[in-house]
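In our numbering, the protein residues as written are 83 to 747.
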């Protein structure tokens, strides 16, 4: 037999190991998606044995190629690969515990559960968009540190569902525009979704769609290892991102369910598995991998060791400053002394007491921060002038120049958020990006995944209330703060002035395992924090800004953002009438909830009346207000008009607060 045929036969047998482990694990769990791993096993085998640059013994090697399983329902493909190639924290027992409580092998790949899982996938299209961010991060870091330290590819396996999701349009358009030539998407073109043939719901020409977005496109038989190899080789030679449509049979090898939706989202059943074993020529018992097959896979998992060792020598030989900056950035650590410049800036703010919209205050803080922290990469979804996210230190990024630090994302809020997740996951970059707060609805799936994966991604969300005025209720967020505060492991900051804005930026940057949303105003706000303080008061989430002076505290006014000014005005009126009133600023509910009970009680006060003030709905305020508290805010959608008139129209005024307090007292 010719060598090429021998090689193909060996690759087929290696691919069958993936198929066997996948169908057996799904059967054992009585839950899962066996069809996709069985269909894409040949493609994955060629990729992991002939192209992917990785070392299973050093899974976090910075210059490894990234592999993203965007079609995350086919998670057993990835788990099988991790076990077969020799990742130390993926055992046969882990495969046997597929989809069980506490297992590394969750129903969909979960970042942080096991080495080699680069991102959490499952919501279709997210992985594809994450990969765009990873590929962009690779180019940005290569421009900063050189190709000798940063030179790797990002490979994606995506399915029909990934390409149906709207986020895929945003992602492929962005990648094509930036000519991210080290991004290669392997499309599992099997024509099947859960409901049945994809012809039931879609008739897109995917090749034409990718070509129209500036991609290099090829089509191959996804079960022909030689054709797959030639296509990937060609893709690596292009100056564009590449999509390879791999025509596959879902559930490949299953005698009755192959090519049908019956193999998509349910176990095959023992009879079908027996038939598949016979058709594939796989006679081994479940989880029993022949020694020659396992040896071949382990050799594939170790073949990147030489490339890794050569890279480590290059890193060691780099000049001291480059070496130090590279290792610091990849470790996610901020440069020494970054707080000094921000503290100095904060002191000047308190002394000068400017009246600024917090979006403008954010830009001024960013001017200080982006100068001090070179890995900060900014951007906006076509609202740069409104979000105020660009600074002199952040020159534009383009397909011809990746030395910049600012991404013009275009009107792609969801794609922007998912790409920022990819950049954060890649490492070496701290991404921030802006749009209007109301459009967190478009970003929300990606924001949720930022929180789930514990990634330091910073969302700069301006025009945070009815205070944006004339654009009207379609653009005025009323329920969005509550909706964002409902996401676990997400810090939602709503600063009241320029000083708090600087402090909230410091917290967002210094919190490595939690994403942040900065909700910022369009309208100008006075500086209330006029006494310079080195301490970051926002770090506790809530604090007494103005204590009662007219006597014992009878009323506590709790407010966020632009409404702290209203609370301060109401306090002055109540104090003038002899009613002891304190103002509590609560820029971050999440951080305040983490404080000990004694501190929270000292801020909220014992007894007395609590009134919450926020130009948003009340949901989420209950723990702060207690059973007898009052809320001044929104109970429905906003309206179009000047913001001053809107606050009066909806009764969010100092006089309304005073009247409510006096009526209750």
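The C-beta atom is built at its ideal place from N, Cα and C for all residues, glycine as well.
Query	Result
C-alpha gap between residue 751 and residue 176, whole angstroms	A question about residue 751 goes unanswered here, because the residues of the chain that appear run from 83 up to 747.
Residue 773 - DSSP class collapsed to helix/strand/coil	Nothing can be reported for residue 773, as the shown portion of the chain is limited to 83 through 747.
Own chain, CB closer than 6 Å to residue 595, minus 5 neighbours either side, in chain order	536
Residue range of the beta strand (DSSP E) that includes residue 513	512-518
Contained alpha helix (DSSP H) runs [length at least 4] in the region 98-133, N- to C-terminal order	117-128
Sub-8 Å separation of residue 641 and residue 589 beta-carbons	no
Residue 380 - DSSP class collapsed to helix/strand/coil	helix
Supposed contact pair residue 292 and residue 254 - C-beta distance, whole angstroms, cut 8 Å	6 Å
Paired residues, beta bridge with residue 638 - DSSP	664, 692
Beta-carbon separation (whole angstroms), residue 601 vs residue 560, contact threshold 8 Å	About 12 Å separates the two Cβ atoms, so there is no contact after all.
Residues of its chain near residue 268, where Cβ-Cβ distance is below 6 Å and the 5 sequence neighbours each way are ignored	125, 239, 326, 328
As assigned by DSSP and simplified to three states, the class of residue 240	strand
Close Cβ partners of residue 195 (< 7 Å) along its chain, the five nearest in sequence each way excluded	186, 188
Same chain only: Cβ atoms within 6 Å of residue 145, ignoring 5 sequence neighbours per side	234, 393
Alpha carbon of residue 351 to alpha carbon of residue 109, nearest angstrom	7 Å
Segments of 4+ residues assigned as alpha helix (DSSP H) that fall wholly inside the region 294-331	307-317
Buried or exposed by the 16-neighbour rule on C-beta atoms within 10 Å, applied to residue 618	buried
Inter-residue spacing [alpha-carbon to alpha-carbon] between residue 723 and residue 739	22 Å
Where residue 279 sits in the DSSP three-state scheme	strand
Helix, strand or coil at residue 81 [DSSP, three-state]	Nothing in the structure corresponds to residue 81, since the chain is present only between 83 and 747.
Cα-Cα separation, residue 219 to residue 237	14 Å
Per DSSP, the bridge partner or partners of residue 266	237, 324
Closest residue to residue 635 among 522, 666, 258, 333 (Cα-Cα distance)	666
The region 97-107 / the region 152-163 touching (three or more Cβ pairs under 8 Å)	yes
Whether residue 118 touches residue 105 by CB criterion (8 Å)	no
Distance between residue 331 and residue 84 (C-alpha atoms, nearest Å)	For residue 84, the pLDDT reaches just 49, beneath the cut-off of 50, and the residue's location in the model is therefore unreliable, although a value from the coordinates is still provided. Answer to the nearest angstrom: the Cα atoms are 27 Å apart.
For residue 488 and residue 478, believed in contact at Cβ under 8 Å, the rounded distance	5 Å
Helix, strand or coil at residue 574 [DSSP, three-state]	strand
In chain order, each beta strand (DSSP E) run of at least 3 residues that lies wholly inside the region 133-170	148-151
Element boundaries [beta strand (DSSP E), containing residue 626]	625-628
Exposed unless 16 or more other CB atoms sit within 10 angstroms - verdict on residue 232	buried
Beta-carbon proximity list for residue 466, same chain, < 6 Å, skipping 5 on both sides	472
Test item: CB-CB of residue 424 and residue 451 under 8 Å	yes
Cα-Cα separation between residue 735 and residue 648, rounded to whole angstroms	6 Å
Residue span of the alpha helix (DSSP H) that contains residue 658, given as start and end	645-658
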